[in-house]
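Mind the numbering: the sequence shown is residues 1 to 239 in UniProt numbering, read in order. Beta carbons are placed, not taken as given, at the ideal position from N, Cα and C, and that holds for glycine. What follows is one structure encoded as structure tokens, with my remarks underneath.
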Amino acid sequence: MTLEFSQIHRTDHLPGRIAAEIAREINDGKLKAGDKLPTEHALSKTFGVSRSVVREAIAQLRNEGAVETRQGVGAFVSDPRHRVSIRIERSKLTDPDKFRDLFQLRLPLEIEAAGLAAVNRTPEQLSRLEAALNNMRNAPDWDKDGIPADLDFHRTLAEATQNDYFSMFLGFIAERISSAIKVAFSRAVFGEILETTIQEHVPIYEAIAASDAAAARAAMRAHLVGAAKRLNLEMEIYE
Numbered sequence: 001m002t003l004e005f006s007q008i009h010r011t012d013h014l015p016g017r018i019a020a021e022i023a024r025e026i027n028d029g030k031l032k033a034g035d036k037l038p039t040e041h042a043l044s045k046t047f048g049v050s051r052s053v054v055r056e057a058i059a060q061l062r063n064e065g066a067v068e069t070r071q072g073v074g075a076f077v078s079d080p081r082h083r084v085s086i087r088i089e090r091s092k093l094t095d096p097d098k099f100r101d102l103f104q105l106r107l108p109l110e111i112e113a114a115g116l117a118a119v120n121r122t123p124e125q126l127s128r129l130e131a132a133l134n135n136m137r138n139a140p141d142w143d144k145d146g147i148p149a150d151l152d153f154h155r156t157l158a159e160a161t162q163n164d165y166f167s168m169f170l171g172f173i174a175e176r177i178s179s180a181i182k183v184a185f186s187r188a189v190f191g192e193i194l195e196t197t198i199q200e201h202v203p204i205y206e207a208i209a210a211s212d213a214a215a216a217r218a219a220m221r222a223h224l225v226g227a228a229k230r231l232n233l234e235m236e237i238y239e
């Protein structure tokens, strides 16, 4: 089977473009229900992007119901008769109130996810969290390398809950707010916001590594409150 993926331009939102290319192959019938997608390594070579970008694209397809993932096996095209998807048009999130509402939904979900991840994470998932954190620290280009690593950290944390619904909902939210994260970085003093963002992730990782659910929840809450402030969002946050 030959898949005809189009060239991906660096000016595009890479994960979204890659997801669209794979979706086109599915819609054209070149990838059928039950077919296994190429590996992350193969797709990263085909598109000329990092594996974290490919992972984000696959997560988007999963959230849209186009594929399903099986841990340790890979991603497979889902049966269209059984697809369940969440849809919010990206254009609607240009409305500040709607974007704020989506971020408000993120708060309780991801705080709870951090606690569950501390209790349920596997050694492999802990290693992936550490790798994502290191990739954030060492990103040569924050826009192309750092933000995907940041999203990979949160996606892995959601998977570490061992609850597929956390992965589904948080993956969807993260993909939708990624463009706003880029805007926040472009408007801020780069060195300051980069250092702050990384430092907020460190205690989350350390708490999950220590299997301390309470500390993980507190660290995630602190990070999300800080992120909301950097996006100038007036959130309803209660102690």
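With 16 other Cβ atoms within 10 Å as the buried cut-off, status of residue 150: buried
Identify which residue in 120, 197, 215 and 173 has its Cα closest to the Cα of residue 136. 197
Note the first and the last residue of the continuous beta strand (DSSP E) segment covering residue 46. Careful: residue 46 lies outside any beta strand (DSSP E), inside the alpha helix (DSSP H) at 40-47.
Stretch pair the region 226-233 + the region 113-123: three plus CB contacts closer than 8 Å: no
Nearest to residue 60 (by Cα), restricted to the options 235, 218, 174 and 209: 174
If residue 129 sits next to residue 157, beta carbons under 8 Å apart, how far is it from one beta carbon to the other, in whole angstroms? 7 Å
Classify residue 189 as helix, strand or coil using the three-state DSSP reduction. Model confidence at residue 189 stands at a pLDDT of 48, short of 50, so the residue's coordinates are unreliable; what they give is reported in the following sentence. Correct three-state label for residue 189: coil.
At what residue ranges does the region 63-150 contain a whole run of the beta strand (DSSP E), taking only runs of 3 or more? 67-70 and 74-77
Might you give, ordered along the chain, the residues of its own chain that have their beta carbon closer than 6 Å to the beta carbon of residue 23, omitting 5 neighbours on each side? 66
For residue 170 and residue 109, which I take to be in contact (beta-carbon distance under 8 Å), what is that distance rounded to the nearest angstrom? 6 Å
With DSSP collapsed to three states, give me the class of residue 229. helix
Can you grab the Cα-Cα spacing for the pair residue 209 / residue 117, in whole Å? 9 Å
Which one of 201, 176, 223 and 214 has the shortest CA to CA distance from residue 100? 176
Distance CB(residue 211)-CB(residue 148) smaller than 8 Å: no
State the start and end residues of the unbroken alpha helix (DSSP H) segment that holds residue 234. Note, residue 234: premise wrong, no alpha helix (DSSP H); not H, not E.
Burial state of residue 37 (16 or more Cβ within 10 Å): buried
Let's test the definition: count the other Cβ atoms within 10 Å of the Cβ of residue 39 and tell me whether it reaches 16, buried, or not, exposed. exposed
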